[in-house]
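Enquirer: Encoded as structure tokens, here's the structure I'll be asking about.
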Amino acid sequence: MTSREKILGRIREALSIVAPRPGHNEGSSKVKRGEGASVRDWLPRVGEGYSERLALFQQHSSDLKTDLRVVPSVGDFEAELRRIQEAEGWKKIGAHGGTLVKRSIGGMNLPVCWTDGGYAAEELEKCDAGITECDALVAQTGSVLITSRSAGGRALSVLPPHHVVLARADQLLADLPDAFALIKQRYSAAYPSFISFVTGPSRTGDIERILVLGAHGPKKLTILLAGEV
Numbered sequence: 026m027t028s029r030e031k032i033l034g035r036i037r038e039a040l041s042i043v044a045p046r047p048g049h050n051e052g053s054s055k056v057k058r059g060e061g062a063s064v065r066d067w068l069p070r071v072g073e074g075y076s077e078r079l080a081l082f083q084q085h086s087s088d089l090k091t092d093l094r095v096v097p098s099v100g101d102f103e104a105e106l107r108r109i110q111e112a113e114g115w116k117k118i119g120a121h122g123g124t125l126v127k128r129s130i131g132g133m134n135l136p137v138c139w140t141d142g143g144y145a146a147e148e149l150e151k152c153d154a155g156i157t158e159c160d161a162l163v164a165q166t167g168s169v170l171i172t173s174r175s176a177g178g179r180a181l182s183v184l185p186p187h188h189v190v191l192a193r194a195d196q197l198l199a200d201l202p203d204a205f206a207l208i209k210q211r212y213s214a215a216y217p218s219f220i221s222f223v224t225g226p227s228r229t230g231d232i233e234r235i236l237v238l239g240a241h242g243p244k245k246l247t248i249l250l251a252g253e254v
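Start counting the sequence shown at 26; every next residue gets the next number (the numbering used here).
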């Protein structure tokens, strides 16, 4: 039997088995649907307190190659940004008019491509970093929840090679259900045109299963988290 015949034979065998309808394959799962069941029963558990959420987020950040830096307060963002600027030799940055962003980049003495109004995409591409705020951080997945409103549009978190996120401790949520509940509560009257969960730097492993960072977006993701609750 040739390889082609083996493959076709397996396809015919698979097609002979009737697949269960979505949501009706209860026998294959340890979690049973029923009264009181919730989507959290199907997701990884997250600790209840802030310290447990932070520890989990730190572990995911390490695994994802996200540079997470916990600082005492939002007043320390500027000094930390300056340290990164000096280490990487930033010449120009992209930013938006968020309260934390404006407060934190004021003393950096760098040209800024502001994305709140009209801007040229080629100018944003020349920026060494894009500095944004976020809607939330998700401990369960190590993700950053951003929207076009919280992160200064669509391109600021994508075009510059280094994405830096400023976040407060009270923005660290436990899990994805909390994140979606936040989106609904905050934007149900008028959802943003762009909602995204950023989970680590941009990456691909399509070619020979070799991990390459920065394939479709920023090569680096840094999160500055003000540790005060």
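Every residue gets a Cβ at the ideal spot worked out from N, C-alpha and C, and that includes glycine.
Alpha carbon to alpha carbon, what distance is there between R193 and W139?
Expert: 22 Å
Enquirer: Taking 8 Å as the CB-CB cut-off, is L68 touching chain C?
Expert: Among the chains in the structure shown there is no chain C, since it carries only a single protein chain.
Enquirer: Give the C-beta separation of A164 and A206 to the nearest angstrom, bearing in mind that I take them to be a contact with Cβ-Cβ under 8 Å.
Expert: No, A164 and A206 are not in contact; Cβ-Cβ is about 15 Å, not under 8 Å.
Enquirer: Buried or exposed: which applies to A104, given that a residue is buried once 16 or more other Cβ atoms fall within 10 Å of its Cβ?
Expert: A104 counts as exposed, since fewer than 16 other C-beta atoms from the protein chains shown sit within 10 angstroms of its C-beta.
Enquirer: Can you grab the Cα-Cα spacing for the pair F222 / L106, in whole Å?
Expert: 23 Å
Enquirer: What does a CB cutoff of less than 8 Å around I130 pick up in its chain, not counting 5 residues either side in sequence?
Expert: E103, L106, I118, A120, V137, I156
Enquirer: Classify W115 as buried or exposed, calling it buried when 16 or more other Cβ atoms lie within 10 Å of its own Cβ.
Expert: buried
Enquirer: Exposed or buried, D88, counting other C-beta atoms within 10 Å across all chains shown (16 or more means buried)?
Expert: exposed
Enquirer: Does the distance from the CB of P226 to the CB of K31 come in under 8 Å?
Expert: no
Enquirer: According to DSSP, simplified to helix, strand and coil, what is R37?
Expert: helix
Enquirer: Looking at the structure shown, is R228 part of a helix, part of a strand, or coil, going by DSSP?
Expert: strand
Enquirer: Report the partner residues of C159 according to the DSSP bridge assignment.
Expert: According to DSSP, C159 bridges with nothing at all.
Enquirer: Could you give the residue range of the beta strand (DSSP E) that holds V96?
Expert: 92-96
Enquirer: Cα separation between L197 and Q210?
Expert: 16 Å
Enquirer: Helix or strand or just coil, what does DSSP make of W139?
Expert: strand
Enquirer: Between the Cα of A161 and the Cα atoms of D141, N134, P202, which residue gives the shortest distance?
Expert: P202
Enquirer: Quick one: give me the first and last residue of the beta strand (DSSP E) that S221 is part of.
Expert: 220-223
Enquirer: Do you know how far the Cα of S41 is from the Cα of L191?
Expert: 53 Å
Enquirer: Work out the CA separation of F219 and V183 for me, nearest whole Å.
Expert: 12 Å
Enquirer: Would DSSP call H241 helix, strand or coil?
Expert: coil
Enquirer: From D141 to Y212, what does the alpha carbon distance come to, in whole angstroms?
Expert: 19 Å
Enquirer: When you measure from the CB of K151 to every non-hydrogen atom of the ligand ZN, does any distance come out below 7 Å?
Expert: In terms of ligand content, the structure shown is empty, and the ligand ZN therefore cannot be addressed.
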